[in-house]
Amino acid sequence: MGQEHHEATEGLVRLLMKANHDLTVVQHNLDRELQQSYPQNANLMKLVSRIKKIQQDLSTLEDQCRQVLTAKQDLIDKARTTLVGNRNLM
């Protein structure tokens, strides 16, 4: 049983070492990609903040568009009612 425990521990250590290596490779690839994609003076925190602001603005704009569409439909319905009423008066 002691040998099985030792082998299991070694297997776990190998698995963790491989995971560490894989994460290092991913980090290296991300670093290289960031250097290629953004200028050296780019502040990634500012970019993330800007993206979040744009997402919030898009959400607000979507809400406003829905309000405009609702108001437009109300106007169409009222105009239709008025036109039908006027036609019936003739």
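In terms of the UniProt record's numbering, the sequence shown opens at residue 1 and continues consecutively. No residue lacks a Cβ here, since even glycine has one placed at the ideal position from N, Cα and C.
If you look at Met45, you'll find it in the alpha helix (DSSP H) that goes 44-89. Leu44 is a Cβ neighbour of Leu34, given a cutoff of 9 Å.
Between Ala19 and Glu7, the alpha-carbon positions lie close to 18 Å from each other. Look at Asn41 here: in three-state DSSP terms it is coil, with no helix or strand label.
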